[in-house]
Structures are given as C-alpha cells and as structure tokens.
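Enquirer: Protein chains in written order, with this note's numbering: chain A, 226 to 562; chain B, 226 to 562.
The beta carbon of each residue, even a glycine, is placed where N, CA and C say it ideally should be.
2 protein chains.
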Amino acid sequence: MAHRGRRQQERRAAASVTTPMPEFDLIARIHARAASRGDVVLGIGDDAAILRLPPDRDLVVAMDTLNTGVHFPEDTAPADIGWKALAVNLSDMAAMAATPAWCTLSLSLPQSDAVWVDDFLDGFLALAAQHEVALVGGDTTRGPLSVCVTIHGLVEPRGALRRSGARVDDDIWVTGTLGDAAGALRQWQTGIAIDPVLRARLDRPTPRVAAGFALAGIAHACIDVSDGLLADLAHVCRASRVGAALDVDALPASDALRDAFDRETARALQSAGGDDYELCFTAPKTARISIESALFGCDVPATRIGRVTADAGLVVLHDADGGAWSPPRRGYEHFGG
Amino acid sequence: MAHRGRRQQERRAAASVTTPMPEFDLIARIHARAASRGDVVLGIGDDAAILRLPPDRDLVVAMDTLNTGVHFPEDTAPADIGWKALAVNLSDMAAMAATPAWCTLSLSLPQSDAVWVDDFLDGFLALAAQHEVALVGGDTTRGPLSVCVTIHGLVEPRGALRRSGARVDDDIWVTGTLGDAAGALRQWQTGIAIDPVLRARLDRPTPRVAAGFALAGIAHACIDVSDGLLADLAHVCRASRVGAALDVDALPASDALRDAFDRETARALQSAGGDDYELCFTAPKTARISIESALFGCDVPATRIGRVTADAGLVVLHDADGGAWSPPRRGYEHFGG
C-alpha cells in the first residue's frame, strides 16, 4: 500500500525523528485483517505486491469504482458498500469464466474513520473470504467517498468467455432474476418502504463466479448484467455483430418484484434496471442439457429469454403473443443515472 | 472497460431498440487512442482484460489514486494530471525494480467532457508510450474528479527490491534532487510566481523506472520518495528494523530550489517535502562503483546521503559539522496535507 492517506501522520512521525507508528493507521488496520494466499509472494506493506501465477494460466484484470451518490445511495451501510465494491468486480471475473485470486483497493474517505473502515472491511473481506481472494495492496486517500477495486483472476489460455462469441440462433440465457436491485432503487427514490429482499439484492449482489466458471467451454458469449439487460445485451450484440430477439414475458422475476410492482413496471425494471449482476450468456441450442446440468451443480437457476438473430445491432422485444414491446422511458432508471 | 460512466447513454440507446453507438462515448475515445502490446490477449472492450505473462516472471501490482485538491492543485492542466496519475504508479514499479507492462484506469469526472479527456490522455498516453505500458481496461464514472490507476509489472522471481532489505552500515542513496515538487507547492500556496522548473517537477515527475531496474541485484532496499524523504526512509527503517543517519547538507538540491529558497527552507523541503518520486535506496559500501556505473548507464544521478544504523526506527539528521538538525514544522508540507 502506498500510504498516501496517512502522509500527514507520517510527516508528524518523521518530525519527531523517532518515527513511532501513528496511533491511527488505516493501512495497518486493513493489513491486519486481510487474509493472504500461498501465491502471494509479497502482500500489503511495500511499494507494490508480488504475485505468482501458475505457468499455464493467463491473467484476467478488471477495475470498477463505486462513488457515493452515484453507485449506491448515501444511506448504504459501510459493510454493504464493502461487499458491493468487491462484488461488482467479482462479477466481471464471473462474466469471463475466470477464477478470482487477488484484489487491490483504493479507498477515498472524507476523513479517517476507523469505525467506518472496520465496518467496510466486514463486508469486503467476508465476500473476499467466500471467493478466496487476497487483498494485496492499494491506497487510502482523502477525498469524497469513493471505492475503487482492481480484481485479478486466472483463466486457462483460450478459456475465457467473451462478449464477442455469440452466434446466430444461439439461445440467450440469464441467471437468477432480473429487476430486483432496480426495484429497490425505485422504492428508495419514491420514498416508499423498501422491500428487504429487493434491498438485499441492491446492497449485496451475488457475483455468479461459480456459474461463470461452469459455463466455460459451453457458452459462446457472456456478460454480467450491471447496466441493465438491454444495455448489456447490446454490448454482446455489438461485439458479436449479431442481434437479439427477447421474450419479455420470459424474463425471470422474483416473487418480491412481482409483489411490489405492476406488470409493466416490473417488465421495465427487468429489462432495463441495472445492478443485478446476473450473467447473460448465449449458447447453442444443443447445449441446453449441459447448461442446466452445469448450473444445477452450482445451484444457480437460469432461464432462456430469447435467441440471437442475424439483425446486427438490433435488439427486439416481444411479449408472449408475439407483439413488439418497448420499455417505457421511466423504466430506464439507475441510481444517479 | 465496464462502461459504468455511460449507463444513461446506453440506456437511451437500448430504449431506441436499434442500439446505435452513443454519440459521445468516453470509453470508445480512450480505446481508440490506447496502444496495445503483444502480450495483451484481450484489451479494452470486454468485462475484463486478459494478459499473458512470461512463464519465468512474477506479477507486480500497485494502485494509486489522485484526487483533485488533495494530490494536485485544482488548476493543474488535464495533461499533467494524466501524466502524474501514471507517473506515481510507474514510480512504484521503479521502487520494486519491476518492468511495467499494463495498466488500468478508473476516471471519475463531474461531467462527460471530451476535450478534458483528450487532454488528459495526451499526458497519460505520452508517458505510457515512453514505458511501453498498455492501457487495458478500467472504467469511467460520474463523480468528483479522481484518477485511480492500477499498474502491472513483471519481475524475475526474487528479483524485486523491497523496503525490508536494508542492512546496518549500508549507504543510503537518493536519485536526482529533492524538494523541487514541494518547493513549487510552497510557491503556489503562498501565492508567489511558481518557478517553471519546480512546477514541472510537481506536475510531470519522472518515474525512475530504468534506475530501479538497474539497481536490482545491487541495492539492498528501495522506496520511492512520494511522502517525503524522512517519511519514506522511516518506512524502510521500520520494514528493515534498522535506523538511519542522514547528512542534511548532502541532500541533493536543484539550482532552481537553491535560487528560490533560503537554506533552512530548502533543507526542510528536501527532507520532508513529498512528490519528488526519486528513489531512495540502500546498498553496501562495496557497491559504490557498481551503483555509479549502473545509474550512469541510465543517465540518472544519485547521491549518498547517509548510512543505515542499528538504532531501529531512529532517523537522525545532522549537518556537515556533525550537529543534530531537525526540520522546522513548517517544512512538513504537502498539498492538502
């Protein structure tokens, strides 16, 4: 860690010439709680971390930042911010079918607040432990609350799932349910009581790491649903030079979403709401049984929601009767969007 | 890149069902200008980047964030912010004797501003090109101006320089000159005209990558001077369980610093001012000729400024007459510190 956040304390320490450890030291606090792994040659505490990859693996790297008031409501609990900051990065590993290994964390805080950092670490490190991810470095700085994480994973050469692999006539699948996080946000924004099931989906998304890994070699293309199904599927279509036809009635919905919203609102949240961190992937029709079996093995449900078409760039939605369906504009919501 | 900064645009694109590319697209702008390397299997444009390491190298990772008003004055030119954001990370590679290879960039901006981003990239990519570093991913988000970079480098197993290797009776060396960046900051803070040579040192620090690499196998310990010589040397002393005795009159000063400040102020800036990004390293006395030769080869001057002592944790300064010297408190300055 680069210690930039404790410069003033360090300067004071240096000024006293005997350089005692500063009484309050965020980096030391983080270091003391971070677990390591056998492949971490050097972790927190130097100018950089040193990590050893197996010789037969490629490195997979993603980086995502969460800013207060933009990516999470200001009233989000520090532990949930910690969880989510890592979850959105793990979700990128899932979408690549990579096995996460190490992460770095840059934490900008308006002031040094040990209690806040401890709470933040409760969430961050709980999820890190679930995925055996070691926190190996980063920095703390003074500034508006912002959390930037870089995640590092491993994948076999040519083993990664990409956005660009979708082929015409592939099935389009999505894991879990859609619209829950956006539903919570809608309730938060309109000032009504937030359904706790929906709020948990917003605050503590489950990165589908095991599912992504299980889909390697089966799926043709994959992306995580962070910006909303339509936006993310559009990324896949652009990268693969294909189109998509979706059955809006097939989009999986949780009971909580169905209970909280009318059908049109729910459809809009499912098709355009972000922050679900489910996987949207395409695969040949012949792989249906393999997919169900692979995902059953990691206890992740998945639903077929449409098919890949040759109409490059065109995403068409229709309902069960075959009629075209367009999400209403008010469905296109994202916190701070 | 994870595209979080263009969610709204994407949602609008998706809403129109035909998903045209958004007119203004920061990620595409960055992608179009970023150079690649042969070991980049997959760069910007998917959920994560894929990178291939040589089988006989360890991965070295550092992450540093610059926040406006904390790490650079608000009037800093975007190109200088871009340069500095990468430079401070490259400096961490230098301190480890690692060869930088790839970086990711998370850019938080108050609003999408193509001109600003282009200017920023001018500085960022110019320095990246100098060091053959490929920008392979990251994200853009909405928020107060903040630049977070994760740098990835390569090092031979056991080839890295660490903070923990200093031994009693080692010489202590520093590259280049000290106090220039802090001198510029002092002038900026006191409202007087900033010397352009000093300002250039603040805005466009030169990461000592070649020097760090040349010192591998010769130096015992190394750190980059980001927080100020005393603070950074204290890190080395703590990690190595040793002390240091410095000759304050030996600290290298630029002509610009000498011209701009009285001797006491200059000493304070040299010993405690941050942001110089020179390397401070320790090496056995027997290595003096090797060091001069290695650094001559990369055209980087270095100065012996003291020696490592057995007084663990104690950094002592003395002047040429052997008298103890303590930097005045007003010398302990850093922007926003």
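Using a Cβ-Cβ cutoff of less than 6 Å, which residues in the same chain neighbour residue 375/A once the five nearest sequence positions on both sides are dropped?
Expert: Taking the first sequence and counting its residues from 1, the one referred to as residue 375/A is at position 150. Within the same chain, residue 375/A has close Cβ partners 288 and 329.
Enquirer: On the CB-based measure, 16 or more other CB atoms within 10 Å of its CB, does residue 404/A come out buried or exposed?
Expert: What you label residue 404/A is simply residue 179 of the first sequence in a count that begins at 1. Looking at its Cβ environment, which holds 16 or more other Cβ atoms inside 10 Å, residue 404/A is buried.
Enquirer: Can you find a CB in chain A that lies within less than 8 Å of the CB of residue 268/B?
Expert: The count along the second sequence starts at 1 and reaches residue 268/B at position 43. It does not; no Cβ of chain A falls within 8 Å.
Enquirer: Mapping the DSSP letters down to three states, classify residue 296/B as helix, strand or coil.
Expert: Position 71 of the second sequence holds residue 296/B. Coil, per DSSP.
Enquirer: Using three-state DSSP, classify residue 551/A as helix, strand or coil.
Expert: Position 326 of the first sequence, counted from the start, is the residue given in the question as residue 551/A. The answer is coil: DSSP assigns residue 551/A none of H, G, I, E or B.
Enquirer: Let me make sure I understand the geometry here. Which of 535/B, 319/B, 508/B and 538/B has the alpha-carbon closest to that of residue 390/B?
Expert: One-based indexing of the second sequence puts residue 390/B at position 165. Selection 535/B, 319/B, 508/B and 538/B evaluated against residue 390/B yields 508/B as nearest (Cα-Cα).
Enquirer: Is residue 492/B close to chain A, meaning its C-beta is less than 8 Å from at least one C-beta of that chain?
Expert: Counted from its first residue, the second sequence places residue 492/B at position 267. Answer no: the Cβ-Cβ gap between residue 492/B and chain A never drops below 8 Å.
Enquirer: I need the DSSP call for residue 325/A, collapsed to helix, strand or coil.
Expert: For the purposes of this step, residue 325/A is identified with residue 100 of the first sequence, where counting begins at 1. Residue 325/A: strand per DSSP, three-state reduction.
Enquirer: Alpha helix (DSSP H) containing residue 462/B: first to last residue?
Expert: Residue numbering aside, residue 462/B sits at position 237 when the second sequence is read from its first letter. Membership of residue 462/B in the alpha helix (DSSP H) is indicated by the continuous run 454 to 465.
Enquirer: Going along the chain, which residues of the region 316 to 345 of chain A sit with their C-beta nearer than 9 Å to a C-beta in chain B?
Expert: 316, 317, 318, 319, 320, 321, 323, 327, 329, 330, 331, 332 and 333
Enquirer: Given that a residue counts as buried once 16 or more other Cβ atoms are within 10 Å of its Cβ, and exposed if not, what is residue 574/A?
Expert: This structure cannot speak to residue 574/A, because chain A is shown only from 226 to 562.
Enquirer: Residue 333/A and residue 369/A: beta carbons closer than 8 Å?
Expert: One-based indexing of the first sequence puts residue 333/A at position 108. One-based indexing of the first sequence puts residue 369/A at position 144. Note that the C-beta distance between residue 333/A and residue 369/A is below 8 Å.
Enquirer: Does the region 358 to 369 of chain B come close enough to the region 460 to 476 of chain B to have 3 or more Cβ pairs within less than 8 Å?
Expert: No: the two stretches stay apart, fewer than three of their Cβ pairs being nearer than 8 Å.
Enquirer: Contact check, residue 504/B vs residue 447/B under 8 Å by CB: the rounded distance?
Expert: As a working note, residue 504/B is residue 279 in the second sequence. As a working note, residue 447/B is residue 222 in the second sequence. Rounded to whole angstroms, the Cβ separation of residue 504/B and residue 447/B is 6 Å, and the two are in contact under 8 Å.
Enquirer: Taking the CB atoms as reference points, tell me whether residue 342/B and residue 254/B lie closer together than 8 Å.
Expert: Along the second sequence, read from residue 1 onward, the residue named residue 342/B stands at position 117. Along the second sequence, read from residue 1 onward, the residue named residue 254/B stands at position 29. Contact: yes.
Enquirer: What would DSSP say about residue 361/A, mapped onto helix, strand or coil?
Expert: Counting from 1 along the first sequence, the entry for residue 361/A is found at position 136. If DSSP states are grouped into helix, strand and coil, residue 361/A belongs with the strands.
Enquirer: Between residue 363/A and chain B, is the shortest Cβ-Cβ distance under 8 Å, so that the two count as touching?
Expert: The residue labelled residue 363/A in the question sits at position 138 within the first sequence. Yes, contact with chain B.
Enquirer: May I ask you to list the residues that DSSP assigns as paired with residue 400/A?
Expert: Working through the first sequence from its first residue, we reach residue 400/A at position 175. Bridge partners of residue 400/A: 527/A.
Enquirer: Is DSSP giving residue 506/B helix, strand or coil here?
Expert: To locate residue 506/B, count along the second sequence from 1; it is residue 281. In the three-state reduction of the DSSP assignment, residue 506/B falls in the strand class.
Enquirer: Would you mind working out which of 372/A, 528/A and 351/A sits nearest residue 331/A, comparing C-alpha positions?
Expert: Looking up residue 331/A in the first sequence gives position 106. Checked all of 372/A, 528/A and 351/A; the closest Cα to residue 331/A is 372/A.
Enquirer: Rounded to the nearest angstrom, what separates residue 416/B and residue 457/B at their Cα positions?
Expert: Taking the first residue of the second sequence as 1, we reach residue 416/B at position 191. Taking the first residue of the second sequence as 1, we reach residue 457/B at position 232. Roughly 28 Å separates the two Cα atoms.
Enquirer: Is there a C-beta anywhere in chain A that falls below 8 Å from the one on residue 405/B?
Expert: For the purposes of this step, residue 405/B is taken as the residue at position 180 of the second sequence. Cβ-Cβ to chain A under 8 Å: no for residue 405/B.
Enquirer: When you compare only the Cα positions, how much space is there between residue 529/B and residue 312/B?
Expert: Counted from its first residue, the second sequence places residue 529/B at position 304. Counted from its first residue, the second sequence places residue 312/B at position 87. Looking at the two C-alpha atoms, the distance is approximately 24 Å.
Enquirer: Throw me the rounded Cβ distance for the residue 449/A and residue 266/B pair, which I believe falls under 8 Å.
Expert: Taking the first residue of the first sequence as 1, we reach residue 449/A at position 224. Taking the first residue of the second sequence as 1, we reach residue 266/B at position 41. Going by Cβ atoms, the distance from residue 449/A to residue 266/B rounds to 20 Å, so no, they are not a contact pair.
Enquirer: Which bits of chain A does residue 276/B rub up against, with CB to CB less than 9 Å?
Expert: Within the second sequence, residue 276/B is the residue found at index 51, counting from 1. Result: 283, 284, 285 and 286.
Enquirer: Hey, how far is the Cα of residue 327/A from the Cα of residue 486/B?
Expert: Against the first sequence, residue 327/A aligns to sequence position 102. Against the second sequence, residue 486/B aligns to sequence position 261. Straight through space, the alpha carbons of residue 486/B and residue 327/A are spaced by roughly 46 Å.
Enquirer: Is it the case that the Cβ atoms of residue 407/B and residue 500/B are separated by a distance below 8 Å?
Expert: Your numbering for residue 407/B matches position 182 in the second sequence. Your numbering for residue 500/B matches position 275 in the second sequence. Between residue 407/B and residue 500/B, the gap from beta carbon to beta carbon is short of 8 Å.
Enquirer: Are the beta-carbon atoms of residue 502/A and residue 551/A separated by less than 8 Å?
Expert: The residue you call residue 502/A lines up with position 277 of the first sequence. The residue you call residue 551/A lines up with position 326 of the first sequence. Result no, Cβ atoms of residue 502/A and residue 551/A do not sit closer than 8 Å.
Enquirer: Please determine, among 549/A, 353/A, 537/A and 273/A, the residue with the shortest C-alpha to C-alpha distance to residue 465/A.
Expert: As a working mapping, residue 465/A is identified with position 240 in the first sequence. Among 549/A, 353/A, 537/A and 273/A, the Cα nearest to that of residue 465/A is on 537/A.
Enquirer: Check the Cβ of residue 371/A against every Cβ in chain B and list those closer than 7 Å, keeping chain order.
Expert: Position 146 of the first sequence, counted from the first residue, corresponds to residue 371/A. Per Cβ cutoff of 7 Å: 333, 368 and 371.
Enquirer: Would you check if there are 3 or more beta carbon pairs closer than 8 Å linking the region 425 to 440 of chain A to the region 297 to 305 of chain A?
Expert: yes
Enquirer: How long is the line joining the alpha carbons of residue 363/A and residue 269/A, rounded to whole angstroms?
Expert: As a working mapping, residue 363/A is identified with position 138 in the first sequence. As a working mapping, residue 269/A is identified with position 44 in the first sequence. Computed Cα separation, rounded: 8 Å.
Enquirer: Between residue 481/A and residue 495/A, what straight-line distance do the alpha-carbon atoms span, to the nearest angstrom?
Expert: In the first sequence, the residue the question calls residue 481/A occupies position 256. In the first sequence, the residue the question calls residue 495/A occupies position 270. Rounded to the nearest angstrom, the two C-alpha atoms are 13 Å apart.
Enquirer: Short of 7 Å in beta carbon distance, which residues of its chain neighbour residue 519/A, apart from the five on each side in sequence? Order them along the chain.
Expert: Taking the first sequence and counting its residues from 1, one reaches residue 519/A at position 294. For residue 519/A, where only same-chain residues beyond five positions count, the Cβ hits under 7 Å are 439, 440 and 443.
Enquirer: Distance, Cα to Cα, residue 359/A vs residue 324/A?
Expert: Taking the first sequence and counting its residues from 1, one reaches residue 359/A at position 134. Taking the first sequence and counting its residues from 1, one reaches residue 324/A at position 99. Residue 359/A and residue 324/A: Cα-Cα distance of roughly 12 Å.
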